[in-house]
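Residue numbers (UniProt numbering): 1 to 82. Take a look at the structure set out below.
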């Protein structure tokens, strides 16, 4: 089963770029939502989580958190399980 990966980003975000690089490295397809280009997505994100930091990553609709959380999953070899 292919995981549903969503990443909410903003322009100029270094951690957003790192998260996308890691997802690409693991060959995980993802949908990116730029909250500055699409304010509706920013409101959607506010309903999904309390955090206002970027990126915010979801896998199969479950909140992963930010880049550090994604990297931790990768270090624990849990990204390959998706």
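Yeah, the Cβ is synthetic: ideal placement off N, Cα and C, and Gly gets one too. Since the structure is predicted, the reported quantities are computational estimates derived from the model, not experimental observations.
Taking C-beta separations shorter than 6 angstroms and ignoring five residues to either side along the sequence, the partners of residue 33 in its chain run 8, 41, following chain order.
Residue 33 carries a strand assignment under DSSP once its states are collapsed to helix, strand and coil. Judged by DSSP in its simplified three-state form, residue 22 adopts helix. Looking at 60, 12, 54, 62, the one whose alpha-carbon comes closest to that of residue 68 is 54. If you ignore the 5 residues before and after residue 58, its C-beta comes within less than 6 angstroms of the C-beta of 6, all in its own chain and listed in chain order.
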